[in-house]
Structure formats: C-alpha cells, structure tokens
Amino acid sequence: MNKHVVIVGASIGGLIAAAALRCRGIDVTILEKGNSVGGLYGKVDTPFGKQELGMHVLYLTVPHYQHLVEIFGEHKLKVWHGYKVDIGGAFNFGKTFFNSIYPDIRELPHQSSILQQLVANASSVHHQADARAVANSRFGAIAAETVVLPILQKLWQIEPALLSAGALHCFYDLRRIVACDKTEADQLKQDPAIDQVLGNPEQRQPAGAVFNGRMAARFTNDSGDLSAAVVNWLHAQDIKIHFNTSVTIDNGQLILNGAALAKECDACIIASPLPALIPDARSRIELRELSIYYFQLAEVITAQFPAYYLLCHDTHLRSSRIVNYSAYHDEQDSEGRCVIAVEVLHIAGAAPTEQEIAIELHNVLPFASILASYKLPHSMPVPVPSLANAAVLDEYTEQLQKNNGDMPVYFSGMRTDQGLFFSHHTIGNAYDSALACAARLS
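Just so we're aligned: 277 in this note's numbering is position 267 of the sequence shown, and the numbers increase by one with no gaps anywhere.
Shown next as structure tokens:
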C-alpha cells in the first residue's frame with residue numbers, strides 16, 4: 011500500500027509539494043478551506059477589471075518551475091532570470107530611489123560614519139534575539155537607530171526590541187544598506203561578510219551572480235482559470251482535493267471533521283499559515299491588517315517608475331508598498347491607462363481612507379495622474395513578527411510535533427517572525443518539506 015500524505019492548503023507551495031510527492035509514488039490529499047487554489051495568487055474584481063492581490067511574481071528554483079510547468083503548462087508562465095528576478099525601489103528621506111530596495115543613506119550627513127561602522131561590524135556574528143539588537147550588530151548604532159529601526163517601527167507599529175530578528179526580512183528586506191557609490195561598493199562587497207550588509211546602489215548592474223540562480227515567473231494574461239487547470243491536473247494525477255474543508259488544532263492535535271488527522275494519513279504538510287489553524291488565533295496572536303488600494307492612472311508610468319514595486323520606507327507615510335503592474339505585466343486597457351496598487355499595513359480596524367493614500371501617492375509619484383481609486387473591502391490579517399507571537403507559534407509547533415502519534419508534521423507556510431513571508435520562502439519550504447517527507451516515508 012502506498013504511503014498517504016495530507017497537505018493543508020492549496021497554495022502554490024502546497025501544489026508544488028503535492029507534485030513532488032506524487033512523482034515519488036506517494037498518495038496525496040489536499041485540504042483547502044476556501045473554494046479555489048493558489049492561495050493569494052488569485053485575482054479580485056474591481057471597478058477597473060480583475061486585479062491582482064499584490065505583486066504576483068513567483069520566485070523559483072528549477073525544480074519548482076518544472077513542477078509548475080507540469081501543473082499549469084509552460085505556455086502559461088513568463089520567466090525572468092538574473093537581476094530581472096526582483097527589480098524594486100524605495101522611498102525614504104522624502105526621495106524616491108529606483109535603483110535599490112535598500113535604504114539609501116548616501117545623502118545623509120553621517121554617511122561616512124555609517125559606512126565605517128557597517129564595515130567594522132560586518133565580520134561579527136549576528137545572532138541577537140530581537141530586531142533592535144540585530145540591527146545594531148549588523149549596521150552599527152547610527153544606522154540602526156536613525157534608519158533601520160524607525161522603518162521597522164513605522165511598518166509594524168511596535169517597538170523594535172519586541173520584534174524578532176527575522177523581522178528585518180519580513181515584508182521589507184532590511185538586511186542591507188546602500189552606503190556608498192557603486193565603484194566603492196563593488197570593491198567592498200568582494201568581502202563576503204560586507205556583501206551581507208552593504209547594498210548595491212545599481213541593481214541593474216550586479217557585480218556577479220544574483221539570487222543564487224533563482225528565476226522569477228508569473229502567470230500570463232491569457233492563463234484563464236487557474237483553478238480549472240489545477241483540478242484537471244489533480245484528476246490526471248489521482249490527487250484528491252477537498253474544498254471548504256478546515257483543519258484545526260485541538261490539544262496539540264490536528265483535527266479534521268472532529269477526528270484526529272493522524273488516523274487518516276502517514277504524514278502532513280501544513281502549507282498554510284499556522285495561525286489559520288488556531289481556533290482562538292485573534293486572541294493569542296497579535297495581528298496587523300494589510301489593506302490594498304487600487305488606483306487607475308491616466309497613462310502607463312513605467313518610464314518614470316522603472317520597477318515592479320516601491321517600498322515606502324519613509325516614516326511619514328502610512329503606505330507600505332506601491333506595486334506597478336505595468337512594469338512586469340503586458341496588460342493595459344485600450345486607452346493606455348494602467349492600474350497600480352498601494353498596500354498598507356495598519357492596526358486592525360484603522361485603515362486609512364482612499365483620499366489619504368491618494369495624497370501620499372501624489373507625494374511619492376507626482377507624475378502619476380489618478381483617474382479613480384478603489385479600496386478592497388476586506389483586509390488580510392498578518393501576524394506581527396514579534397517575540398511574543400514567535401513564542402506562541404513555537405509552542406503550537408512543538409505540540410503538533412509531539413501529539414500526533416507517529417505522523418510527522420512539516421510546516422511550510424508564512425512565519426513572519428522567522429522572516430518567512432514571500433513566495434520564495436513558502437514555496438521553497440513546501441518543496442523541501444515534500445522531499446524530507448518522501449525520504450522519511452521511503
């Protein structure tokens with residue numbers, strides 16, 4: 011009899027895990043609490059047509075990509091390599107920087123002192139427990155206290171000493187700082203330790219290989235209904251999927267329809283965020299909400315905004331990230347207009363108005379002429395990457411690993427306190443979990 015693995019969550023990561031297990035002869039059942047596949051990689055109806063829930067670029071290795079081709083077909087995927095995998099910008103100190111996502115401090119009066127501290131600290135080991143300590147250790151006191159930590163506090167609305175070290179790589183990547191021009195940066199970054207903390211001020215001119223050979227992919231405009239393609243593939247592979255089916259945690263056990271999931275399978279991969287399985291999560295986990303605002307512009311702005319997204323570091327802004335769909339999408343309407351999105355992390359129930367975000371957008375992108383706006387009615391809960399949340403999630407993880415009999419449990423969903431937030435984290439974790447699971451069951 012074949013071994014049987016249950017995957018909780020039909021996210022892209024969950025689907026890739028299912029493919030990896032099935033090709034190794036393991037029976038797979040997917041349990042999805044919603045009624046569609048792909049997790050956040052769907053589209054929503056807006057007054058400007060169907061729009062994406064953020065920036066839908068998948069960061070993949072070759073095996074991940076091969077499984078996506080198997081599931082969806084190669085013609086439905088557009089792929090980038092090299093620096094094009096991740097082209098972002100940042101807005102800080104009242105100015106837009108389109109050449110790097112990292113805070114650019116070259117025009118600050120204490121630039122030379124920051125660079126000296128950054129280089130001096132680079133060889134130290136950064137294993138501090140909280141975000142304030144690790145920022146001071148990585149960059150030195152000046153950069154930590156005047157640049158990095160204010161950004162973190164603006165983003166999560168919490169004292170950085172209460173945030174985990176992984177918070178520096180959650181939603182914003184704050185592991186590096188742009189502190190000098192490219193010629194000097196290229197020389198300094200030859201030291202692997204300095205390379206980990208010093209950013210390249212010209213992302214389109216990398217000094218060497220970038221992203222460890224990772225590729226980026228998105229679904230093409232004519233992909234059609236992704237759920238229909240997935241259901242057809244699942245049927246062909248004899249993989250079962252059950253929609254509108256929730257798994258919960260009770261006394262450290264995974265429960266499905268009132269019974270222990272361990273009785274139904276040999277192993278389980280949780281490919282959804284762990285808080286989604288905790289019945290009283292909102293009372294135990296401190297959450298923020300992510301709201302999305304769509305703006306229809308009079309014209310495509312890619313020439314002035316040559317990036318896929320812009321991180322709003324500036325502490326005077328409530329906006330978190332601006333996504334420029336036309337920079338990585340071919341789609342635009344017949345009149346040449348485009349739609350961009352502004353994502354805002356905020357305290358639950360305290361979303362800014364469309365007018366407030368429109369004013370911020372005008373300040374950041376004064377060349378963008380707004381025709382209309384629309385706020386998505388529902389916000390998405392996001393766990394704060396705090397030490398307190400980490401303790402709760404660690405407790406549940408330990409319980410699940412102990413209390414489900416001989417059934418091993420693997421975790422691959424979003425874990426903000428560990429910096430696991432975007433697709434290259436969760437997809438990679440899901441795939442690695444599938445390989446580890448298959449090896450254990452063989």
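For glycine and all other residues, C-beta sits at the position ideal for the given N, C-alpha and C. Bear in mind that the values here come from a model prediction, so they are computed numbers and not experimental data.
By the C-beta density criterion, aspartate 114 is buried, having at least 16 other C-beta atoms within 10 angstroms. Between the stretch 162-175 and the stretch 195-215 there are fewer than three inter-stretch CB-CB distances shorter than 8 Å, so the stretches are not counted as touching.
For glycine 99, the enclosing beta strand (DSSP E) covers residues 98-102. With contacts defined by Cβ atoms closer than 7 Å, alanine 29 and histidine 66 do not form a contacting pair.
The C-beta distance from lysine 192 to tyrosine 303 rounds to 34 Å, too long to fall under 8 Å, and the pair is not in contact. Cysteine 447 sits in a helix when the DSSP states are folded into three classes. Lysine 192 sits in a helix when the DSSP states are folded into three classes.
Going by C-alpha positions, glutamine 121 is about 9 Å away from isoleucine 152. Inclusion of glycine 19 and serine 383 in the CB contact set at 7 Å is not warranted, their separation being larger than that value.
Around the C-beta of methionine 417, 16 or more other C-beta atoms lie within 10 Å, and the residue is accordingly described as buried. Glycine 176 sits in a helix when the DSSP states are folded into three classes. Distance check between isoleucine 357 and each of Asp201, Gln213, Trp166 places Trp166 closest, using alpha-carbon atoms only. Looking from the CA of valine 392, the closest CA among Gly104, Glu117, Ile295 belongs to Ile295. Under the DSSP assignment, tyrosine 303 falls in the beta strand (DSSP E) whose first and last residues are 297-307. A Cβ-Cβ separation of about 5 Å places histidine 14 in contact with aspartate 276 under the 8 Å criterion. Within the stretch 226-307, the complete beta strand (DSSP E) segments at least 3 residues long are 250-252, 257-260, 263-266, 277-280, 297-307, listed from N- to C-terminus. Residue state for lysine 60 is assigned as strand, using DSSP reduced to three classes. Residue environment: isoleucine 369 is assigned as exposed (fewer than 16 neighbouring CB atoms within 10 Å of its CB, all protein chains considered). With fewer than three CB-CB distances shorter than 8 Å, the stretch 202-211 does not count as touching the stretch 172-180. For leucine 264 against leucine 381, the beta-carbon gap comes to about 48 Å, at or over 8 Å, which does not count as contact. In the three-state reduction of the DSSP assignment, asparagine 373 falls in the helix class.
In the DSSP annotation of this structure, the continuous segment of the beta strand (DSSP E) that includes lysine 105 starts and ends at 105-107.
Counting of Cβ neighbours within 10 angstroms places proline 119 among the exposed residues, the total staying below 16. When C-alpha distances from alanine 360 are compared across Leu178, Asn109, Ser301, the shortest belongs to Ser301. Cβ-Cβ separation between tyrosine 319 and valine 333: approximately 5 Å, consistent with a contact (criterion under 8 Å). Within the same chain, Cβ atoms closer than 7 Å to the Cβ of glutamate 212 are found at Asn109, Lys192, the five residues on either side in sequence being excluded. For secondary structure counted as the beta strand (DSSP E) over 3 or more consecutive residues, the stretch 103-165 holds these complete runs in sequence order: 105-107. In its chain, beyond the 5 residues on either side, Gly48 have a beta carbon closer than 6 Å to the beta carbon of leucine 236. Pairing leucine 397 with tyrosine 182 gives a Cβ-Cβ distance that is not under 7 Å. In the displayed model, phenylalanine 82 falls within a helix according to three-state DSSP.
Using a Cβ distance threshold of 7 Å, glycine 262 and asparagine 373 do not count as a contacting pair.
For valine 220, there is no enclosing beta strand (DSSP E), as DSSP marks it with neither H nor E.
The beta carbon of glycine 24 lies closer than 7 Å to those of Ile17, Ile40, Ala281, Ala440 in the same chain, with the five residues before and after it left out. By the criterion of a C-beta distance shorter than 6 Å, serine 133 is surrounded in its chain by Ala203, once the five residues flanking it on both sides are discounted.
Counting of Cβ neighbours within 10 angstroms places lysine 86 among the buried residues, the total reaching 16 or more.
DSSP places alanine 382 in the uninterrupted beta strand (DSSP E) bounded by 380-385.
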